[in-house]
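Student: Sharing a structure with you now.
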Amino acid sequence: MPYFMQVGEIPRKRFSQFRRPDGKLYAAEVMGEEGFSSNMSLLYHRSPPSAVVQTTSLPHQAPDLVDNHPLLPRLLSTSALQEAGDMVGNRQLLCGNSDVLASFAVCDRPSPLYRNAAGDELFYIHDGAARLETVFGVLEVRQGDYVVIPKATTHRWLPQGGEPLRALVFETAGHIRPPKRYLTAQGQYNQESPYSELDLRRPEGPLLAEGGDVEVVVKNRNGLTRYTYQTHPFDVVGWFGCNYPYALNISDFSPITGSFHRPPPVHQVFEAPNCVFCNFVPRMLDYDPRAMPIPSYHSNVDSDELIFYAEGNFFSRKGTGIERGALSLHPAGHIHGPQPAAYESGPSRVGQRTEECAVMLDTFKPLLIGRAALAAEKADYYQSWNAR
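Residues in the sequence shown are numbered from 647 upward in steps of one, following my numbering.
Structural data, given as structure tokens:
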């Protein structure tokens, strides 16, 4: 996170003694990135957060991914992914590589307490709402929210409202951050950024949960372990710092437009090592009369492109049968772009407004294909550019 916040009771000085009403010291926990040299938060627990009474190895299947060979663009329907469960155990892997995994989850029940010690997580909430309880406090999340959960944050998902929670889930090997070009040298969002600190929703707390023999599922590079803790991890009376989960609603992203086509980097919302996250939101289209009626065909020379079609009318994909909740994968080496039906009917789009909403992942290593994607794939998508 690029800016500081504090919640609950904290001491006057960092790393100073901070005592409970009975005179005992609170247990201070440092959650710092990149060793002790990057963003950090200091949390103050009522009891030591490392008091483990039992550990159990859990069954865990490594990501089951296959090469995208023969090289094909692919179109998937998430409406075909109906199996429900919880946000931790029911992630249906669509694609991924050593830098990022992309899954889809349908959730109708609370998740266990969970800590991903292997990387950051980014969620896009497509349908439903949830209460996200974390060691930092509570986030109430809703449709259209991005939720960033930093590595090693203990949390649990509680779906709300009776409707299943449907979400696109990204797990990254490195940290998810705002693009560097959006920030000043001092870490504030600059005036050219399409969103700012005012758009970010931060945890409310503290939770101050109590109880003993509390189970937490922990993920690392080697699999899953169930820890049984002597006391509840949500016993934090206060914390401060710049490393914490937060939410950003896609409707608060202010698009950058122009008289001629603006390339996808203007739509970027987050970045992580070897990948970027963008979104396409309702906006004015190119408004110079000389502008191309629709974006050009293009080769993904250095990246694979995964697009989740969240809402609206995807004008450049006319004729493909793309529906709400569809996902397209266009790999490096495949020339793609507007479908013929969209290209021919495009001139009326110049100077108009589009109401589409989509989330895009671009990676700089090839994306391998998951079994869930193969099960939800629409056949013959690669032929949709053929003139009819």
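Don't be surprised by glycine CBs; every beta carbon is placed ideally from N, CA and C.
Is the separation between the beta-carbon of Val784 and that of Glu850 shorter than 8 Å?
Tutor: yes
Student: Go through its chain and collect everything with a Cβ distance to Val699's Cβ below 6 Å, but skip five positions before and after it.
Tutor: Thr874 and Gln876
Student: Along the alpha helix (DSSP H) that carries Arg1017, what are the first and last residues, could you check?
Tutor: Arg1017 to Ala1021
Student: Specify, as a first and last residue, the run of the beta strand (DSSP E) that Pro805 falls within.
Tutor: His801 to Gln806
Student: Could you check which residue in Pro758, Ala674, Asp1008 and Val752 has the C-alpha nearest to that of Asp950?
Tutor: Asp1008
Student: At the level of alpha carbons, what is the spacing between Met938 and Phe1010?
Tutor: 28 Å
Student: Considering only the alpha carbon of each residue, which of Pro891, Pro901, Arg999 and Arg995 lies closest to Val794?
Tutor: Ranked by Cα distance from Val794, the options Pro891, Pro901, Arg999 and Arg995 are led by Pro891.
Student: Can you confirm whether the stretch 924-938 touches the stretch 908-916 when touching is taken to mean that 3 or more C-beta pairs between the two stretches lie within less than 8 Å?
Tutor: yes
Student: State the Cα-Cα distance for the pair Leu844 and Gln834, rounded to the nearest angstrom.
Tutor: 11 Å
Student: According to the neighbour-count rule (16 or more other Cβ atoms, all chains shown, within 10 Å of its Cβ), is Asp881 buried or exposed?
Tutor: Of the residues assessed, Asp881 falls on the buried side of the cut-off, its CB having 16 or more other CB atoms within 10 angstroms.
Student: With a 10 Å radius around its C-beta and 16 neighbouring C-beta atoms as the bar for buried, classify Ala674 as buried or exposed.
Tutor: buried
Student: Along the chain, where does the beta strand (DSSP E) containing Ile771 start, and where does it finish?
Tutor: Glu767 to Asp773
Student: Just grab the DSSP bridge partners of Gly887 for me.
Tutor: Secondary-structure assignment with DSSP links Gly887 through a beta bridge to Met651 and Ser687.
Student: Between which two residues does the beta strand (DSSP E) containing Gly678 stretch?
Tutor: Ala673 to Gly678
Student: Of the choices Leu711, Phe661, Pro719 and Phe682, whose alpha-carbon is the least far from that of Ile953?
Tutor: Pro719
Student: Drop a sphere of 10 angstroms on the beta-carbon of His706, count the other beta-carbons inside from all chains shown, and report buried for 16 or more, exposed for fewer.
Tutor: Flag for His706 reads exposed.
Student: Whose C-beta lies closer than 6 Å to the C-beta of Ala775 among residues of the same chain, with five residues either side of it excluded?
Tutor: Arg788, Gln806 and Gly807
Student: Glu619 and Val712 look like a contact to me (Cβ under 8 Å); what is the Cβ gap, rounded to whole Å?
Tutor: An answer regarding residue 619 cannot be provided, because it is not within the stretch 647 to 1034 covered by the chain.
Student: Which of the three DSSP states, helix, strand or coil, is assigned to Ala893?
Tutor: strand
Student: Please classify Arg737: is it buried, with 16 or more other beta-carbons within 10 angstroms of its beta-carbon, or exposed?
Tutor: buried
Student: Per DSSP, what kind of secondary structure is Lys670 in: helix, strand or coil?
Tutor: coil
Student: Using 8 Å for Cβ pairs, my map puts Pro810 next to Cys753. What's the rounded Cβ distance?
Tutor: 6 Å
Student: Which residues bound the beta strand (DSSP E) around Leu721?
Tutor: Arg720 to Ser723
Student: Among Ala764, Ala819, Glu655 and Val781, which has the Cα closest to the Cα of Glu917?
Tutor: Ala819
Student: Is Ala764 closer than 8 Å to Lys670 when the C-beta atoms are compared?
Tutor: no
Student: Mark Arg658 as exposed unless 16 or more other C-beta atoms lie within 10 angstroms of its C-beta, in which case mark it buried.
Tutor: exposed
Student: Buried or exposed: which applies to Glu665, given that a residue is buried once 16 or more other Cβ atoms fall within 10 Å of its Cβ?
Tutor: Sequence inspection shows Arg at residue 665; the Glu mentioned does not correspond to that position. Its Cβ having fewer than 16 others within 10 Å, Arg665 is exposed.
Student: Indicate the three-state DSSP secondary structure (helix, strand or coil) for Tyr955 in the structure shown.
Tutor: Three-state result, Tyr955: strand.
Student: Would you verify that the beta carbon of Val698 is, or is not, closer than 8 Å to some beta carbon of chain D?
Tutor: The displayed structure is made up of one protein chain only, and chain D is not part of it.
Student: Whole angstroms are fine: how far does the CA of Pro667 sit from the CA of Glu729?
Tutor: 49 Å
Student: Buried or exposed for Thr702, going by 16 or more other Cβ atoms inside 10 Å?
Tutor: exposed
Student: Just verifying my parser: in three-state terms, what is the DSSP assignment at Asp898?
Tutor: Helix, per DSSP.
Student: Between Asn762 and Val676, what straight-line distance do the alpha-carbon atoms span, to the nearest angstrom?
Tutor: Between Asn762 and Val676, the C-alpha separation is close to 17 Å.
Student: Can you pull the DSSP bridge partners for Ser974?
Tutor: Leu721 and Ile953
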